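S.K.: Here's a structure for you.
Following this line, the structure appears as structure tokens:
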């Protein structure tokens, strides 16, 4: 077994344990809305966005964009207050979650990210974006800010299979992700890749292809996410027409365990599942009970001897 997993009690390199080791405290994400929009929804690169993307732009838990960053941080603190530990230190990640958070002029980005960094309890600024929205001047800004406080960039890969990427209307080729990863690596900025399990037409082979690609990119972190079918999306229309289906728990678990076992042991796992907003969730409904799902996944990992890196195949790293 991965020796890191043995010493930290989970069968994968979990974000919680990694943050405690790196920062000496547990970190909580505070979801923010930069109000910058997305070129894949507004016609810059495409129109209508990815087929799974809701009106909130994958930021349905973030605050309203009309509030300042400082006001959003204050509101988000109240939302997580009930989860905060009583007897141990904690800090926050300012998570720019909604839409594409580098889709704007560099002066605006500097203002937004700097305001988040001004908060003394914010330990990290994490920025969700697209790899086709990272021009040189934006990466230069992120590199400069990274010297003040840690900056992470979360890139929505979803899949390394080009055919699937076209179907979900991702709007950029795989080579774009590869290039963005390289330039961020050279700037010293960690990358967290978002991967969706259960995309239409994808099974074990396609999921492992995506994991092998990320292993070769040596990304620092990964979020493994169940495909949620949300109201108001093109995906919901396809689901109701019987053209796509939602995964059962057992199907998702099989894909997740295969992905974890193939994943590079050094990669930090930031998420192994997720819960879509209940007011929008069409399917799968079993995912609404996040705590129960999380507990069962961990118990099944233990019972079946699943651990990160079990079937990892070392390949060339391009840096």
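Numbering (this note's numbering), first residue to last: 35 to 353.
Cβ coordinates follow ideal geometry from the N, Cα and C atoms, glycine included.
In this text the structure is predicted, and so the values were computed from the model without any measurement.
Can you give me the Cβ contacts of residue 227 inside the same chain, cut-off strictly under 6 Å, excluding the 5 residues immediately before and after it?
M.R.: 189, 191, 248, 253 and 256
S.K.: Measuring straight from C-alpha to C-alpha, what distance separates residue 43 and residue 186?
M.R.: 25 Å
S.K.: Starting from the N-terminal side, write out each stretch of the alpha helix (DSSP H) that is 4 residues or longer and does not extend beyond the segment 201-248.
M.R.: Qualifying alpha helix (DSSP H) stretches, in chain order: 208-220.
S.K.: Under the three-state reduction of DSSP, which class applies to residue 91: helix, strand or coil?
M.R.: Because residue 91 sits at a pLDDT of 45, beneath the cut-off of 50, its placement in the model cannot be relied upon, and the following sentence gives the value as read from the coordinates. Residue 91: coil per DSSP, three-state reduction.
S.K.: Should residue 160 be labelled buried (16 or more other beta-carbon atoms within 10 Å of its own) or exposed?
M.R.: buried
S.K.: Please work out which residues of its chain come closer than 8 Å, Cβ to Cβ, to residue 340, disregarding the five sequence neighbours upstream and downstream, and give them in chain order.
M.R.: 45, 291, 294, 295 and 334
S.K.: Among 137, 164 and 128, which residue has its Cα nearest to the Cα of residue 147?
M.R.: 128
S.K.: Measure the C-alpha to C-alpha separation of residue 332 and residue 48 and round it to an integer number of angstroms.
M.R.: Residue 332 and residue 48 have their alpha carbons spaced roughly 12 Å apart.
S.K.: If you reduce the DSSP assignment to three classes, tell me which class residue 145 lands in.
M.R.: helix
S.K.: Tell me the DSSP bridge mates of residue 196?
M.R.: Beta bridge pairing from DSSP links residue 196 with no other residue.
S.K.: Evaluate the contact criterion for the segment 191-210 versus the segment 97-114: three or more CB pairs, one atom per stretch, below 8 Å.
M.R.: no
S.K.: Whose C-alpha, out of 180, 108 and 271, is nearest the C-alpha of residue 85?
M.R.: 271
S.K.: Short check: CB of residue 211 to CB of residue 165, under 7 Å?
M.R.: Yes, these two residues count as a Cβ contact at 7 Å.
S.K.: Could you check the C-alpha separation between residue 203 and residue 304 for me, to the nearest Å?
M.R.: 25 Å
S.K.: According to DSSP, is residue 252 part of a helix, a strand, or is it coil?
M.R.: In this structure, residue 252 counts as coil in the three-state DSSP scheme.
S.K.: Leaving out the 5 sequence neighbours to the left and right, which residues in its chain are closer than 8 Å to residue 238 when beta-carbon positions are compared?
M.R.: 288, 289 and 292
S.K.: Given a threshold of 16 other Cβ atoms within 10 Å of its Cβ, counted over all protein chains shown, does residue 350 qualify as buried or as exposed?
M.R.: exposed
S.K.: Measure the C-alpha to C-alpha separation of residue 58 and residue 302 and round it to an integer number of angstroms.
M.R.: 16 Å
S.K.: Closer than 7 Å by C-beta to residue 136: which residues in its own chain qualify, once you throw out the five before and the five after it? Chain order, please.
M.R.: Excluding the 5 residues flanking it on each side, residue 136 has same chain C-beta neighbours closer than 7 Å at 143, 161, 163, 167, 168 and 172, in chain order.
S.K.: Can you name the residues that DSSP bridges to residue 320?
M.R.: For residue 320, which the question treats as bridged, DSSP gives no partner whatsoever.
S.K.: Just reading off the alpha helix (DSSP H) that residue 270 is part of, what are its end residues?
M.R.: 268-274 is the span of the alpha helix (DSSP H), which, as asked, contains residue 270.
S.K.: Excluding five sequence neighbours on each side, which residues of the same chain lie with their C-beta closer than 7 Å to the C-beta of residue 70?
M.R.: 133, 134, 135, 137 and 138
S.K.: Excluding the five sequence neighbours on either side, which residues of its own chain have a C-beta within less than 8 Å of the C-beta of residue 346, listed in chain order?
M.R.: 249, 295, 296, 297, 298 and 299
S.K.: Nearest-angstrom Cα distance between residue 356 and residue 54?
M.R.: Examination of residue 356 is not possible in this model, given that the chain is present from 35 through 353 alone.
S.K.: Between which two residues does the beta strand (DSSP E) carrying residue 130 extend?
M.R.: 124-130
S.K.: Between 121, 327 and 151, which lies nearest to residue 130 when the distance is taken from Cα to Cα?
M.R.: 151
S.K.: Does DSSP put residue 170 in a helix, in a strand, or in coil?
M.R.: helix
S.K.: If you reduce the DSSP assignment to three classes, tell me which class residue 15 lands in.
M.R.: The question about residue 15 has no answer, for the chain in this structure spans 35 to 353.
S.K.: Use the C-beta contact count for residue 115: other C-beta atoms within 10 angstroms, 16 or more gives buried, fewer gives exposed.
M.R.: exposed
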